[in-house]
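Okay, so here's the structure we're looking at.
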Amino acid sequence: MPEQMILKIADINHDGRPEIIAAPQSTEAGKLAWYAAGKDNGHFWIEHTIKSNVTRMHGLAVGDFNNDGHLDIHTSIRHDHPGKEANVSIWLSNGKTEPGFKEQILATSGSHFSKTGDVDHDFDLDIFGANWSGPVNHRQTFFCGGIKCQCCQESIENLKSILRL
Ligand SMILES: [Ca+2]
Ligand SMILES: [Ca+2]
Ligand SMILES: [Ca+2]
Numbered sequence: 000m001p002e003q004m005i006l007k008i009a010d011i012n013h014d015g016r017p018e019i020i021a022a023p024q025s026t027e028a029g030k031l032a033w034y035a036a037g038k039d040n041g042h043f044w045i046e047h048t049i050k051s052n053v054t055r056m057h058g059l060a061v062g063d064f065n066n067d068g069h070l071d072i073h074t075s076i077r078h079d080h081p082g083k084e085a086n087v088s089i090w091l092s093n094g095k096t097e098p099g100f101k102e103q104i105l106a107t108s109g110s111h112f113s114k115t116g117d118v119d120h121d122f123d124l125d126i127f128g129a130n131w132s133g134p135v136n137h138r139q140t141f142f143c144g145g146i147k148c149q150c151c152q153e154s155i156e157n158l159k160s161i162l163r164l
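Residue numbers (numbering that gives the first Met the number 0): 0 to 164.
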C-alpha cells in the first residue's frame, strides 16, 4: 500500500469488532480494501480487497447510504486524474457476514475530501464536496441519499441555504 492513505474505522461486518477501511490518497496506486482483525493477538489482519489499482481517493466515508441496515462505503477521487475516472461513488454492501461492495457511481466530476451527513434533514445520508481547481471548483456537489441513491447537483448558494449558513 502507498504511504499516503485515508482510513476509516467501522464495524462493517456486524460482528461487534471494528474493521479498518483504507484507500490510497495520493497519486500512488493501491487498493480500496477493508481489514478485519485476527481472532486473537496471534493472528494478523485479514485483507479484503474491494478494488485494486486505484489512486487519488481523497474522500472516504462509511455509512448506511441506502438505509438497509448495512454499512456502505463512500469514495471520491480527485478531479486531477488525467484521462482516468474521477468517480464519486457509493459502494453498497451486500450485507453478508463477509460483506462485498458493489460500486454505484454518482458522478464523474471528482471531489476533494467530500464529506457526508444528513444535510437536508430527511433521515438519509448525503454527500457534499468541491474540487480545488478546474471547471467545477466553485460549485459544491451535493448528492441526495436514499434507497435509490439518486443524485442531484446544487449550487453553493443552495447548499448554504439548506445548511442555513
Ligand atoms: Ca466487525
Ligand atoms: Ca446499506
Ligand atoms: Ca439527507
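Glycine is no exception: its CB is placed at the ideal position from the N, C-alpha and C atoms.
Assignment of beta-bridge partners to Met56 by DSSP yields Ile76. The beta carbon of Thr54 sits closer than 6 Å to the beta carbons of Pro23, Thr26 and Ala28 from its chain, once the five residues preceding and following it are set aside; these are given in chain order. Between ligand 2 and the CB of Asp121, the shortest heavy atom gap is not smaller than 7 Å.
Around the Cβ of Pro81, a 10 Å sphere holds fewer than 16 other Cβ atoms; the residue is exposed. Under the DSSP assignment, His111 falls in the beta strand (DSSP E) whose first and last residues are His111 to Gly116. Looking at His13, Ile19 and Gly128, the one whose alpha-carbon comes closest to that of Lys7 is Ile19.
Annotation for Ile20: the continuous beta strand (DSSP E) segment containing it runs Glu18 to Pro23.
Taking 8 Å as the cut-off, the beta carbon of Gly62 is found no closer than this to the beta carbon of Thr96. Of the heavy atoms belonging to ligand 2, none sits nearer than 7 Å to the Cβ of Phe100.
Trp44 is classed as exposed because its beta carbon has fewer than 16 other beta carbons within 10 Å across all chains shown.
Under the DSSP assignment, Ile11 falls outside any beta strand (DSSP E); it carries neither an H nor an E label. DSSP, read as helix, strand or coil, puts Lys83 in coil. Glu97 has its Cβ no nearer than 7 Å to any heavy atom of ligand 1.
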